[in-house]
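Colleague:
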Ligand SMILES: NC(=O)c1ccc[n+]([C@@H]2O[C@H](COP(=O)([O-])OP(=O)(O)OC[C@H]3O[C@@H](n4cnc5c(N)ncnc54)[C@H](O)[C@@H]3O)[C@@H](O)[C@H]2O)c1
């Protein structure tokens, strides 16, 4: 295939090297004369193997380099865009001017010289950018895919051969094979809408940054306490059941319970009151967690519902009566103090247990919730808003019928959310349940579940 790679920075030249290895004929295009001169001169590239691959392809004629869009794009069937999207100095927002200049130049060529040109965008761009290009400027000329690049400088070719994730933002469902053909990809690939692929790239980098900062703060605490941080992190990383895993990575509500808040607070206290080490990330985990609860209170307020609010679940997680540091208790308390009447249904919680298991329920919680815990599902039917704290399948009784026709705010990302959305006015605290697919997929299931159920 004849391919034009637009933008010959680090990502551009590594893409060229990779594509040459797969037998393509490539033209590299850059607006910088200096960059082209540097590449023609065969000056060494810092990335292992790249200089040799480029030099040998330049000699054999399989690689051409140009600053001229017309020459570079003329014979190519695909343009791969790798231009920079640097942070703008003014406001920190990515500067997309290089990208839009490249797109405009490509469109001019296509308009003058040819009918179509497919585009694969590899630069890192904010969500919405690819759709903007595909539906606006490029809409009439060809297909646009967003294929984010996950290479790391220093091991780029290796990363391209074995990327941590392959994700293609495709113009329409099932329309991605061309990208796989270009890159000769065989591993598992996620095919998504553009915005998901664009967001995944940002989230991965934010997560990497968070891991670096987290580990560095931990190493500061360790150093302060005279503990070997390398050994600590080595053992922490060896746990791939809870630590290096998908655990705790599902959108949901705030954390709580008897361990995470307490142990995180303990870690902070270990170095509290001193100048060093400063632990802004660890400190702000609790701030962020509390904000998540407070923003849910604002969300409830914005729904402008009157009457009683019903919470399905009160303990910090399903199937436990443990109310210690339950985020749902905190949420309920905040709603009550805002003047809402709140009731909660949670068969696992027995407030009377206070005498038996004093540590399970703090006394203020007991005082606040004694009148509000209900055993009657019928009273939930009378609520104007239901907050799903625990997945509905975790209750011993069918909950779906109660939700029919109700306004529902899902706090826990219920695995049955599509069924709930099919019969209720559904919102998730941090996710959407799109009605298009919801109705097709789940209405039948939901209606089946609704049959022959009544409550007293
Ligand atoms: N560097 C990395 O390790 C890495 C990894 C993954 C993703 N990315 C993303 O890939 C993109 C490119 O990164 P980079 O480090 O290669 O950038 P870079 O700034 O090193 O190179 C960009 C190149 O594009 C050229 N250019 C600018 N405008 C142009 C135009 N209109 N037409 C043709 N060429 C033009 C520039 O002259 C420059 O040579 C960025 O969006 C970046 O965030 C980078």
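In our numbering, the protein residues as written are 829 to 1284. Virtual Cβ for every residue (Gly too), placed ideally from N, Cα, C. Note that the structure is predicted; figures quoted are calculated from it, not measured.
#1: Is the Cβ-Cβ distance between residue 1244 and residue 1215 less than 8 angstroms?
#2: Could you tell me if the beta carbon of residue 913 falls within a distance shorter than 7 angstroms of some heavy atom in ligand 1?
#3: Would you say residue 903 lies against chain D (beta-carbon separation less than 8 angstroms)?
#4: Identify whether residue 845 lies in helix, strand or coil by the three-state DSSP scheme.
#5: Judging by CA-CA distance, which residue of 1148, 1249, 1212 and 1193 is the nearest neighbour of residue 1129?
#6: Sorted by chain position, which residues of the same chain lie with C-beta nearer than 6 angstroms to residue 926's C-beta, five sequence neighbours on each side aside?
#7: Should the region 1003 to 1014 be regarded as contacting the region 950 to 964, the criterion being three or more beta carbon pairs within less than 8 angstroms?
#8: Closer than 7 angstroms by C-beta to residue 907: which residues in its own chain qualify, once you throw out the five before and the five after it? Chain order, please.
#9: Under the DSSP definition of a beta bridge, which residues are partnered with residue 832?
#10: I'd like to know whether the C-beta atoms of residue 997 and residue 1026 end up nearer to each other than 8 angstroms.
#11: Is residue 914 buried or exposed, if buried means 16 or more other CB atoms sit within 10 Å of its CB?
#12: Does ligand 1 have a heavy atom nearer than 7 angstroms to the CB of residue 902?
#13: Could you tell me if the beta carbon of residue 798 falls within a distance shorter than 7 angstroms of some heavy atom in ligand 1?
#14: Confirm the yes/no value for this check: CB of residue 958, any heavy atom of ligand 1, distance under 7 angstroms.
#15: Shortest alpha-carbon distance to residue 1106 belongs to which of 1048, 978, 1075 and 1138?
#16: Spell out the partners DSSP gives residue 1238 in its beta bridges.
#17: Just reading off the beta strand (DSSP E) that residue 894 is part of, what are its end residues?
#18: Using the Cβ count rule (16 or more neighbours within 10 Å means buried), how would you classify residue 937?
#19: When you compare only the Cα positions, how much space is there between residue 1153 and residue 1029?
#20: Let me know the alpha helix (DSSP H) ranges lying completely inside the region 968 to 1015, each 4 residues or longer, listed in chain order.
#21: Mind checking which residues open and close the alpha helix (DSSP H) that includes residue 1046?
#22: Straight-line CA distance for residue 954 to residue 1023?
#23: With DSSP as the reference, label residue 1173 as helix, strand or coil.
#24: Classify residue 919: buried if its beta carbon has 16 or more other beta carbons within 10 angstroms, exposed otherwise.
#25: Return yes when at least one heavy atom of ligand 1 lies under 7 angstroms from the C-beta of residue 929, else no.
#26: Report yes if the CB atom of residue 1201 is closer than 8 angstroms to the CB atom of residue 1177, and no otherwise.
#27: Residue 839 and residue 847 look like a contact to me (Cβ under 8 angstroms); what is the Cβ gap, rounded to whole Å?
#28: Have a look at residue 845 and residue 881 and give me their C-alpha separation to the nearest angstrom.
#29: So residue 1149 and residue 1173 are supposed to be a Cβ contact under 8 angstroms. How far apart are they, rounded?
#30: If I measure Cβ to Cβ from residue 1283 and keep anything under 6 angstroms in the same chain, skipping five residues before and after, which residues do I get?
#31: Whole-angstrom Cβ separation of residue 1252 and residue 1232, contact assumed at under 8 angstroms?
#32: Considering only their Cβ atoms, is the gap separating residue 1092 from residue 1121 smaller than 8 angstroms?
#33: Considering Cα atoms alone, identify which of 885, 876, 868 and 841 is closest to residue 851.
#34: Who pairs with residue 947 in a beta bridge, going by DSSP?
#35: Please go through the same chain and pick out, in chain order, the residues whose beta-carbon is closer than 7 angstroms to the beta-carbon of residue 1015, but skip the five residues on each side of it.
#36: To which residues of the same chain is residue 1261 closer than 7 angstroms at the C-beta, ignoring the five residues directly before and after it?
Modeller: Put simply:
#1: Residue 1215 sits away from residue 1244, with the two beta carbons spaced by 8 angstroms or more.
#2: Indeed, a heavy atom of ligand 1 lies less than 7 angstroms from the Cβ.
#3: The question asks about chain D, but that chain is absent: this structure has only one protein chain.
#4: It is helical.
#5: Of 1148, 1249, 1212 and 1193, the residue nearest in Cα terms is 1212.
#6: Around residue 926, the same chain offers 911 and 912 as residues with beta carbons nearer than 6 angstroms, after the five sequence neighbours per side are excluded.
#7: These segments do not touch.
#8: Here the set comprises 832, 834, 901, 934, 945 and 947.
#9: Its beta-bridge partners are 855 and 907.
#10: Cβ atoms of residue 997 and residue 1026: closer than 8 angstroms.
#11: With fewer than 16 other beta carbons inside 10 angstroms of its own, residue 914 counts as exposed.
#12: For ligand 1, not one heavy atom lies less than 7 angstroms from the Cβ of residue 902.
#13: This structure leaves residue 798 out entirely; the chain is present only between 829 and 1284.
#14: Checking the Cβ of residue 958 against ligand 1 gives no.
#15: Selected option, being the one with the closest Cα: 1048.
#16: Secondary-structure assignment with DSSP links residue 1238 through a beta bridge to 1216 and 1256.
#17: Start and end: 891 to 894.
#18: So residue 937 ends up on the buried side.
#19: Taking the Cα positions, residue 1153 is about 34 angstroms away from residue 1029.
#20: Qualifying alpha helix (DSSP H) stretches, in chain order: 984 to 989 and 1005 to 1011.
#21: Taken as a continuous stretch (DSSP letters only), the alpha helix (DSSP H) holding residue 1046 covers 1022 to 1053.
#22: One C-alpha to the other measures close to 8 angstroms.
#23: Strand at residue 1173.
#24: Exposed, since its Cβ has fewer than 16 Cβ neighbours within 10 Å.
#25: Correct: residue 929 has its Cβ closer than 7 angstroms to ligand 1.
#26: Between residue 1201 and residue 1177, the CB-CB gap stays under 8 angstroms.
#27: The beta-carbon distance between residue 839 and residue 847, rounded to whole angstroms, is 12 angstroms. This is too long to meet the 8 angstroms contact definition.
#28: Cα to Cα, residue 845 sits roughly 6 angstroms from residue 881.
#29: Rounded, the Cβ-Cβ distance is 13 angstroms, inconsistent with contact.
#30: Here the model assigns residue 1283 a pLDDT of 48, short of 50, so the residue's position is not dependable and the matter cannot be decided.
#31: Going by Cβ atoms, the distance from residue 1252 to residue 1232 rounds to 6 angstroms, so yes, they are a contact pair.
#32: With contacts defined by Cβ atoms closer than 8 angstroms, residue 1121 and residue 1092 do not form a contacting pair.
#33: Comparing Cα positions, the closest option is 885.
#34: According to DSSP, residue 947 bridges with 907 and 972.
#35: Same-chain partners within the cutoff: 994.
#36: Taken in chain order, the residues that qualify are 1245, 1246, 1249 and 1254.
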